[in-house]
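To start, the structure under review is shown below, and the notes come after it.
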Amino acid sequence: MQTAAALPGPLPTHHRTHSHSHPGPIPSVRRKPAATSVWEDMGHTQAWVLNQGFNSSSTSLNVKPSKPSHYRKHGWMTEEWVGQQAVYYVPREDDAAVTLSSRHHHSGHHRSGSLRRDPAPATTPRRAAHWEDMMYQYEVDAERWMRHEAESRRAAEERLRMRTRVEEELRRIDERSRQRKHEQRRMFEENRARMMAEAREHERRDRPMLEKKVAESWEKYESRWSGLASSSEPLTFANIPWPTVIAPRTAEDLSMSAIASFLLSGAHSQETTKKERIRSAQLRWHPDRFRRLMARVSEEEKAAVEESVGAVARVLNDLMQREKGNSK
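For the sequence shown, the positions run 126 to 453 when our numbering is used.
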């Protein structure tokens with residue numbers, strides 16, 4: 126079996142010994158200048174990896190591997206992994222160079238070399254410019270958003286004020302309309318009350334004169350009907366004794382109010398009831414009874430007289446029905 130002394134000398138390594146009797150002066154610890162490319166020192170790194178394989182093999186140090194497949198056999202793929210990183214790694218401007226450095230401790234102990242990343246500047250000019258652009262755009266967007274929010278808030282407040290003004294104006298219009306209607310209704314009621322009061326006052330003042338006129342008209346009415354039986358004079362629409370205070374000119378003047386105010390007035394026939402007066406008038410103005418007088422009416426006025434006689438007969442029938450209803 127070969128001994129460790131039989132092995133060939135190892136490649137230069139970054140390991141430091143822990144001897145306290147270092148013969149020469151302690152070398153200064155200085156950082157190597159940053160490489161221009163991240164793979165510039167890859168040769169040293171690969172040599173170091175291979176050296177670690179020889180010195181730190183999980184197998185016995187007395188056994189020298191006969192071929193590289195020995196490393197694959199025991200899972201030693203670090204060399205291949207380091208080589209593959211150049212394929213996958215895309216360098217950036219702000220990447221820090223990877224260098225090997227040694228550090229001397231005051232205790233005199235030496236430590237194996239280690240991979241260290243040189244500190245990169247905080248930001249590169251390109252990243253700083255990109256960051257400034259990003260911050261500027263953020264500020265612009267924030268200012269635009271705040272301005273939009275302020276405008277939206279002002280628009281909402283203006284809409285609220287406008288709606289309030291419109292509602293207030295509508296309330297004022299409704300109030301004015303309500304007051305105007307109330308005033309019109311009040312004026313109408315006052316006018317009607319005043320007219321009714323005036324009518325009652327006129328009726329009170331004119332009642333004696335009106336009763337006197339009704340009484341005189343009734344006497345003429347009865348006298349005229351008494352003379353028709355013994356007279357043979359021609360009859361016209363004007364000289365027929367119609368049952369009204371004022372002589373009618375057409376059939377429309379023979380209304381229920383005009384006939385009732387004359388026929389049922391208290392200024393005459395106080396000894397007879399209203400029903401008896403209506404019954405007596407029905408006998409006079411019945412169309413069949415009045416037909417014997419139609420022979421004395423001229424042909425020019427016969428149609429108007431017949432229409433008026435029929436109107437009087439209908440009013441008398443209505444008055445009789447009303448009087449019968451009141452007596453029940």
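All C-beta atoms in this analysis are idealised placements derived from N, C-alpha and C, irrespective of residue type, glycine included.
Between the C-alpha atoms of residue i and residue j, what's the straight-line distance to the nearest angstrom?
{"i": "ALA281", "j": "ALA267", "result": "21 Å"}
{"i": "MET430", "j": "ASP299", "result": "The sequence given here has Val at residue 430, not Met. So the two alpha carbons sit approximately 58 Å from each other."}
{"i": "ALA363", "j": "MET312", "result": "44 Å"}
{"i": "ALA245", "j": "MET260", "result": "Because the pLDDT of ALA245 is 47, which lies under 50, any placement of that residue in the model is unreliable, and the question is left without a value."}
{"i": "ILE365", "j": "HIS307", "result": "52 Å"}
{"i": "LEU353", "j": "ARG439", "result": "22 Å"}
{"i": "GLU283", "j": "ALA318", "result": "52 Å"}
{"i": "LEU408", "j": "ARG414", "result": "7 Å"}
{"i": "VAL339", "j": "PHE387", "result": "7 Å"}
{"i": "VAL370", "j": "ARG310", "result": "37 Å"}
{"i": "GLU358", "j": "MET321", "result": "46 Å"}
{"i": "ALA406", "j": "LEU441", "result": "7 Å"}
{"i": "SER355", "j": "SER423", "result": "19 Å"}
{"i": "ARG305", "j": "ARG286", "result": "28 Å"}
{"i": "LYS399", "j": "ARG296", "result": "59 Å"}
{"i": "GLU276", "j": "ASP258", "result": "26 Å"}
{"i": "ARG349", "j": "GLU315", "result": "46 Å"}
{"i": "ASP331", "j": "GLU344", "result": "20 Å"}
{"i": "ARG404", "j": "GLY391", "result": "17 Å"}
{"i": "SER341", "j": "LEU335", "result": "The sequence given here places Glu at residue 341; Ser does not occur at that position. Roughly 10 Å between the two C-alpha positions."}
{"i": "MET381", "j": "ARG301", "result": "45 Å"}
{"i": "TRP367", "j": "LYS427", "result": "15 Å"}
{"i": "GLU323", "j": "GLU396", "result": "32 Å"}
{"i": "VAL291", "j": "MET271", "result": "30 Å"}
{"i": "GLU425", "j": "ARG374", "result": "15 Å"}
{"i": "ARG325", "j": "LYS337", "result": "18 Å"}
{"i": "TYR263", "j": "HIS273", "result": "15 Å"}
{"i": "VAL449", "j": "HIS327", "result": "Reading the sequence as shown, one finds Lys at residue 449 and not Val. Near 32 Å, if we compare the C-alpha coordinates of HIS327 and LYS449."}
{"i": "ARG447", "j": "GLU294", "result": "56 Å"}
{"i": "ARG269", "j": "ARG279", "result": "15 Å"}
{"i": "ALA114", "j": "SER452", "result": "Nothing about residue 114 can be read from this structure; the chain reaches only from 126 to 453."}
{"i": "PRO333", "j": "ASP378", "result": "24 Å"}
{"i": "SER351", "j": "ARG416", "result": "17 Å"}
Let me check one thing: in DSSP terms, what residues is residue i bridge-paired to?
{"i": "VAL422", "result": "LEU360"}
Short of 7 Å in beta carbon distance, which residues of its chain neighbour residue i, apart from the five on each side in sequence? Order them along the chain.
{"i": "LEU418", "result": "LEU353, LEU360"}
{"i": "PRO250", "result": "none"}
{"i": "ALA385", "result": "LEU444"}
{"i": "ARG288", "result": "none"}
{"i": "ALA383", "result": "THR369"}
{"i": "PRO412", "result": "VAL434, GLY435, ALA438"}
Name the two residues that bound the continuous alpha helix (DSSP H) containing residue i.
{"i": "GLN407", "result": "399-410"}
{"i": "VAL339", "result": "250-355"}
{"i": "LEU379", "result": "Element bounds for LEU379: n/a, residue is neither H nor E."}
Can you find the residues in the same chain that come closer than 6 Å, C-beta to C-beta, to residue i, ignoring five residues on each side of it along the sequence?
{"i": "ALA376", "result": "GLU432, SER433, ALA436"}
{"i": "TYR346", "result": "PRO366"}
{"i": "ALA253", "result": "none"}
With a CB to CB cut of under 8 Å and the five nearest residues on each side skipped, what residues in its chain are close to residue i?
{"i": "ARG402", "result": "LEU388, LEU389, SER394"}
{"i": "ARG421", "result": "SER357, GLU358, PRO359, LEU360"}
{"i": "ARG303", "result": "none"}
{"i": "TRP410", "result": "PRO368, VAL434, VAL437, ALA438, LEU441"}
{"i": "ARG329", "result": "none"}
Answer yes or no: does any C-beta atom of chain D fall closer than 9 Å to that of residue i?
{"i": "LYS399", "result": "Chain labels in this structure do not include chain D; a single protein chain is all it has."}
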